[in-house]
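FYI, in numbering that gives the first Met the number 0 the residues of the sequence shown are 0 to 376.
Beta carbons: idealized from backbone N, C-alpha and C, even for Gly.
Worksheet for the structure shown next.
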Amino acid sequence: MVFRGIARPIVEKMVDHTLQLGQGRQAACWGFPDAQGIVSQMTSIVDGGLGGIPVRKLLSLLHPMKGKSLIEGISSLPEKIILIITRPGKTGLNTDVSGIDFFDMPIISIGVKKSGLAGVGVMYPVPDYFDLATESERVQIETLAAVSMEAEKEVLRKANHLELSYLNLCRELEVVDAQVCKPSFDAVKNMRLTRFRVQLLDKEMVDQLVEQSVRIGQGREVAVIGQVDSNGMVTAAGRVVVGGIGYVPSRLLASSAVDITGKSLRKVYWDLIPYNAVIVHTHPGGSGVMHAGDANAGPGAWARPIVAIGHDERGEVKGATVVEVEDRLFALADEEEDLNQQFFRADSQEEEAEIRNRKFGIAQEYTNLCRPIEIQL
Numbered sequence: 000m001v002f003r004g005i006a007r008p009i010v011e012k013m014v015d016h017t018l019q020l021g022q023g024r025q026a027a028c029w030g031f032p033d034a035q036g037i038v039s040q041m042t043s044i045v046d047g048g049l050g051g052i053p054v055r056k057l058l059s060l061l062h063p064m065k066g067k068s069l070i071e072g073i074s075s076l077p078e079k080i081i082l083i084i085t086r087p088g089k090t091g092l093n094t095d096v097s098g099i100d101f102f103d104m105p106i107i108s109i110g111v112k113k114s115g116l117a118g119v120g121v122m123y124p125v126p127d128y129f130d131l132a133t134e135s136e137r138v139q140i141e142t143l144a145a146v147s148m149e150a151e152k153e154v155l156r157k158a159n160h161l162e163l164s165y166l167n168l169c170r171e172l173e174v175v176d177a178q179v180c181k182p183s184f185d186a187v188k189n190m191r192l193t194r195f196r197v198q199l200l201d202k203e204m205v206d207q208l209v210e211q212s213v214r215i216g217q218g219r220e221v222a223v224i225g226q227v228d229s230n231g232m233v234t235a236a237g238r239v240v241v242g243g244i245g246y247v248p249s250r251l252l253a254s255s256a257v258d259i260t261g262k263s264l265r266k267v268y269w270d271l272i273p274y275n276a277v278i279v280h281t282h283p284g285g286s287g288v289m290h291a292g293d294a295n296a297g298p299g300a301w302a303r304p305i306v307a308i309g310h311d312e313r314g315e316v317k318g319a320t321v322v323e324v325e326d327r328l329f330a331l332a333d334e335e336e337d338l339n340q341q342f343f344r345a346d347s348q349e350e351e352a353e354i355r356n357r358k359f360g361i362a363q364e365y366t367n368l369c370r371p372i373e374i375q376l
């Protein structure tokens with residue numbers, strides 16, 4: 000559905016809330032359209048924190064997120080839902096497709112300047128936009144693969160051309176006079192994926208990953224979508240893909256095992272990636288110990304275990320660990336979102352120091368979730 004407009008009271012409420020928050024903090028809520036295509040229903044508002052919008056807290060407005068990953072929470076959302084966010088200091092123009100790629104729903108962005116409303120834009124989930132996101136990931140990786148200044152210049156030209164193409168994806172949305180009512184939607188689903196225990200890694204898969212990781216060099220990670228069987232053995236379910244220094248982009252990672260053409264991340268990781276999938280990647284120069292970023296990029300986001308294989312520059316494996324899908328991980332994610340909002344309410348240096356120290360403690364606890372696993376000989 001292409002919306003005819005958004006109700007003025009919703010826009011005014013979001014703008015006022017953002018101005019009250021101040022400090023460049025965003026606000027967000029869920030919206031729904033009426034039969035005439037006017038976005039005239041909204042939930043309560045969630046305050047942004049240090050890391051932007053607290054997605055888990057936002058999802059919990061509609062259903063409990065205890066023990067759930069982000070993909071399980073998003074897949075539980077009702078139909079015809081819309082994400083409404085404010086953009087402090089911006090005009091409402093959205094030039095980032097990562098939101099519609101992740102949520103696979105329309106996103107309305109409300110620009111807020113010091114004087115008030117600066118504009119309203121809307122971006123719809125369109126298959127071509129998802130492919131554009133894939134191309135952007137590839138261009139990022141190509142920069143690392145360039146072996147000359149001229150080659151890097153060419154990659155940067157492609158990157159700049161892509162950036163320009165994003166300018167045309169967001170449409171201006173009219174603010175109309177319409178009454179606002181409480182959301183009315185179908186019953187929320189409770190979507191869950193089965194959890195599996197990872198016990199062993201297939202040596203052939205490990206050797207293939209490490210060989211490619213050493214060959215590509217520069218500290219770049221490589222990854223593959225694996226599959227765990229009933230005995231806890233993980234074998235490769237796709238081809239090895241090459242990432243960047245310290246990361247493997249989500250879309251390229253998914254392309255290891257499935258066709259991602261014209262599909263959102265939400266659809267790919269919920270409908271196409273096998274339910275018993277495992278994300279397996281290398282940690283060049285490390286021993287396989289993972290951190291919060293790994294945990295959030297694996298079980299935290301996609302409800303699948305993540306495995307790291309540490310190796311040196313000669314290809315000698317230093318160890319392997321797994322972070323599995325477990326309730327403690329989600330509890331840490333919820334606590335961190337709370338701390339990111341408490342930061343702005345701290346009235347003293349002691350309070351802020353306590354918050355920062357706990358955030359550091361959470362990072363340590365994420366690392367403690369790593370469990371060593373063996374490679375089948």
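Taking the Cβ atom as the reference point for each residue, do residue i and residue j lie within a distance shorter than 8 Å?
i    : j    : result
R24  : P87  : yes
R219 : V187 : no
L192 : V306 : no
V277 : R303 : yes
W442 : S59  : With the chain covering only 0 through 376, there is no way to say anything about residue 442.
I83  : M41  : yes
F101 : L252 : no
G237 : S255 : yes
L338 : R357 : yes
A6   : V209 : no
I244 : R250 : no
V205 : V316 : yes
E151 : T142 : yes
Q207 : M232 : no
S97  : W301 : no
P124 : D103 : yes
V119 : V174 : yes
G115 : T90  : no
R194 : V322 : no
K202 : I374 : yes
I52  : G30  : no
P299 : G318 : Looking at the sequence itself, residue 299 is Gly, so the reference to Pro does not match. Taking 8 Å as the Cβ cut-off, G299 and G318 do not qualify as a contacting pair.
Assuming residue i is part of the alpha helix (DSSP H), what are its boundary residues?
i    : result
S147 : Here S147 belongs to no alpha helix (DSSP H), and DSSP marks it neither H nor E.
K112 : Careful: K112 lies outside any alpha helix (DSSP H), inside the beta strand (DSSP E) at 106 to 112.
L208 : 202 to 215
R86  : It is not in any alpha helix (DSSP H) - R86 instead sits in the beta strand (DSSP E) that spans 81 to 87.
K56  : 54 to 58
A296 : Counting along the chain, A296 falls outside any alpha helix (DSSP H), and DSSP gives it neither H nor E.
T366 : 348 to 367
I73  : 69 to 74
F102 : 97 to 102
Considering only the alpha carbon of each residue, which of the options lies closest to residue i?
i    : options                : result
T320 : P124, P371, V111, L143 : P371
G292 : E335, L264, P8         : E335
I80  : V38, K113, L328, V316  : V38
L49  : F342, N189, A352       : F342
A158 : L172, G231, N167, I140 : I140
G297 : E71, L161, L20, L208   : E71
N367 : S347, I354, L328, E353 : L328
V223 : T133, T234, P126, G216 : T234
A26  : D33, T281, V14         : V14
R214 : G110, P283, E373       : P283
Q19  : I361, I44, Q207        : I44
P126 : G261, D346, G120, I272 : G261
D228 : P273, P248, H310       : P273
V247 : L92, S286, R137        : R137
L168 : V221, I106, K202, R194 : I106
L166 : R355, C369, M122       : M122
G4   : H16, G21, P32, C28     : P32
Let me know if residue i comes out buried or exposed under the rule of 16 or more other beta-carbons within 10 Å of its beta-carbon.
i    : result
S183 : exposed
M289 : buried
K181 : exposed
N295 : buried
M64  : buried
A34  : exposed
V1   : exposed
Q363 : exposed
A117 : buried
H160 : exposed
M148 : exposed
A132 : buried
K56  : buried
F359 : exposed
N93  : buried
Q340 : buried
Output the boundary residues of the beta strand (DSSP E) element that contains residue i.
i    : result
H16  : No beta strand (DSSP E) holds H16; the alpha helix (DSSP H) holding it covers 7 to 20.
Q226 : 219 to 227
Q40  : 37 to 41
A27  : 26 to 32
G309 : 305 to 310
G318 : 316 to 322
Taking only runs of the alpha helix (DSSP H) that begin and end inside the stretch 229 to 287, which ones reach a length of at least 4 residues, in chain order?
249 to 253
Return the chain-ordered ranges of every alpha helix (DSSP H) run that is complete within the stretch 121 to 160 and spans a minimum of 4 residues.
126 to 144
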